[in-house]
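*Asks:* Position one of the sequence shown corresponds to residue 1 (UniProt numbering), numbered consecutively onward. Got a structure for you, written out below as structure tokens; questions coming shortly.
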Amino acid sequence: MPNVDLHDLTQAVVRVVSPASLSLDRDVLNAEELAAEPCLERIRPGDLILVSTPGAFYRFARTLTQHQYDHIAAVVSNKMALHIGPNKARLLPSVRLLTRSRTPLVLRPNLSDEERAAFVAQLELMVGQDYNLIQVFDLIARLTLQRHFGLRLPGISREESPVRALICSQALMDALGRTNQEFQSLFKLSADQNRFGSASIQDFIRIHQRKPDLLSKVELPSWAETEPAEDEEQDIDDDVAIWSSSATLIRATLIHLVPEMFRARLRLALKQVDEGMRYLPVPVPTFVYFAILVAVCRRYPIPSLLALLPLLRPPSSKL
Numbered sequence: 001m002p003n004v005d006l007h008d009l010t011q012a013v014v015r016v017v018s019p020a021s022l023s024l025d026r027d028v029l030n031a032e033e034l035a036a037e038p039c040l041e042r043i044r045p046g047d048l049i050l051v052s053t054p055g056a057f058y059r060f061a062r063t064l065t066q067h068q069y070d071h072i073a074a075v076v077s078n079k080m081a082l083h084i085g086p087n088k089a090r091l092l093p094s095v096r097l098l099t100r101s102r103t104p105l106v107l108r109p110n111l112s113d114e115e116r117a118a119f120v121a122q123l124e125l126m127v128g129q130d131y132n133l134i135q136v137f138d139l140i141a142r143l144t145l146q147r148h149f150g151l152r153l154p155g156i157s158r159e160e161s162p163v164r165a166l167i168c169s170q171a172l173m174d175a176l177g178r179t180n181q182e183f184q185s186l187f188k189l190s191a192d193q194n195r196f197g198s199a200s201i202q203d204f205i206r207i208h209q210r211k212p213d214l215l216s217k218v219e220l221p222s223w224a225e226t227e228p229a230e231d232e233e234q235d236i237d238d239d240v241a242i243w244s245s246s247a248t249l250i251r252a253t254l255i256h257l258v259p260e261m262f263r264a265r266l267r268l269a270l271k272q273v274d275e276g277m278r279y280l281p282v283p284v285p286t287f288v289y290f291a292i293l294v295a296v297c298r299r300y301p302i303p304s305l306l307a308l309l310p311l312l313r314p315p316s317s318k319l
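Next up, the structure:
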């Protein structure tokens, strides 16, 4: 198999799956981001920014987890924020997180100047660290099964080390806990971390709701003068298509993961599953396929990645 640059591969996949993703490299701010620049006057280093990424892929993820937000970042300076996403953590312009289409929620930890400086220093140390995509899928699967079916899988034990591969919610929770004793005490009680082995974005919202003096909301300027994002205008009409296409994509991925000698048998089994679930709501088979896919990737992460590389390989730039 030819050498594949992981960054280029990630960019190619993200460009197709979610053009609005923050993980997509862009040097120039678009009009909506420029219009959000007044928000920069309200934020300060150490603030947390929760966002809802536009597009069908992230709407699907939010529906699975029943979360309003799908990503959390932290402000390093008023112009730059730490984005922990595929395939490594990196800095990007804060204004990219503050646009109207992302419906940002800014939460400010109540830290002393010394604690805030220590927290920001930890954020800077995360730049360049690997992103733990498998752990993200694992958390989504656990949240999905619990939220929709009441099934609770035991959490995975996790070593507390700042150099492990990261996911956004857990990395920021760990950094805040190392900075401030009160946050550390609250995080030990965080619901999703204890139930699923990883902190979720919802854990931050729960702390804000229960302890608004510790994690307060920062009011942002109104976007009354900006136009609504076109992508979000079709949310309701797109729902059924999103579920159906997602089920098809996950089913195709499962078939691609198994050895060729077993594919015909798997296709037949999946066809029988489809037949048995055809009278159920469209999301149900999607949940089933997604849970199976995550289980396979967790059990065989390296073979799964190698099997997926030909499927996700970006088009060659050669003519």
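Glycine included, each C-beta is placed from N, C-alpha and C at the ideal position.
Relative to the C-alpha of P109, which residue among K188, H67, A74 is closest?
*Replies:* Out of K188, H67, A74, A74 has the C-alpha closest to the C-alpha of P109.
*Asks:* For E233, is the classification buried or exposed, using 16 other Cβ atoms within 10 angstroms of its Cβ as the cut-off for buried?
*Replies:* At E233 the pLDDT is 39, less than 50, meaning the model places this residue with poor confidence and gives no usable figure here.
*Asks:* Give every residue of the same chain whose Cβ lies closer than 6 Å to the Cβ of V218, excluding the five residues on either side of it in the sequence, and list them in chain order.
*Replies:* Counting only Cβ-Cβ distances below 6 Å, and skipping sequence neighbours, we find R42, V106, R108.
*Asks:* For D188, report the span of its beta strand (DSSP E) as first-last.
*Replies:* The amino acid at residue 188 is misidentified as Asp; the sequence shows Lys. Looking at the DSSP string, K188 is not in any beta strand (DSSP E); the run it does join, the alpha helix (DSSP H), is 181–188.
*Asks:* If residue 320 and M126 are in contact, beta carbons under 8 Å, what's the gap, nearest whole angstrom?
*Replies:* Only positions 1 to 319 of the chain appear in this structure, which leaves residue 320 out of reach.
*Asks:* Can you name the residues that DSSP bridges to R108?
*Replies:* Partner(s): S216.
*Asks:* By the DSSP assignment, the alpha helix (DSSP H) with V120 in it spans what residues?
*Replies:* Looking at the DSSP string, the run of the alpha helix (DSSP H) that includes V120 is 113–126.
*Asks:* Taking I84 as the reference, give the member of F119, S23, R96, N180 with the closest Cα.
*Replies:* Answer by Cα proximity: S23.
*Asks:* Thinking C-alpha only, which one of V95, L64, A61 is nearest L34?
*Replies:* Among V95, L64, A61, the Cα nearest to that of L34 is on V95.
*Asks:* I'd like to know if the region 170–184 and the region 115–126 are in contact, where contact means that at least 3 CB-CB pairs between them fall below 8 Å.
*Replies:* As far as the Cβ criterion goes, the region 170–184 touches the region 115–126, which means the pair count is three or higher.
*Asks:* Can you check which of these residues, K79, F204, R206, is closest to C39 by C-alpha distance?
*Replies:* Per the Cα distances, K79.
*Asks:* With A81 as the anchor, note down where its alpha helix (DSSP H) starts and where it stops.
*Replies:* Run containing A81: none in the alpha helix (DSSP H); it sits in the beta strand (DSSP E), 80–83.
*Asks:* Per the DSSP calculation, S77 is bridged to which residue(s)?
*Replies:* According to DSSP, which records beta bridges pairwise, S77 is partnered with M80.
*Asks:* May I ask you to report which of helix, strand or coil DSSP gives R26?
*Replies:* The answer is coil: DSSP assigns R26 none of H, G, I, E or B.
*Asks:* If we count the other Cβ atoms within 10 Å of its Cβ and call it buried at 16 or more, is M268 buried or exposed?
*Replies:* Residue identity check: residue 268 is Leu in the sequence provided, not Met. By the neighbour-count rule (16 or more Cβ atoms within 10 Å), L268 is not buried but exposed.
*Asks:* Quick one: grab the DSSP three-state call for R90.
*Replies:* The answer is strand: DSSP assigns R90 an E or B state.
*Asks:* Give me the Cα-Cα distance between V28 and L98, rounded to the nearest whole angstrom.
*Replies:* Near 15 Å, if we compare the C-alpha coordinates of L98 and V28.
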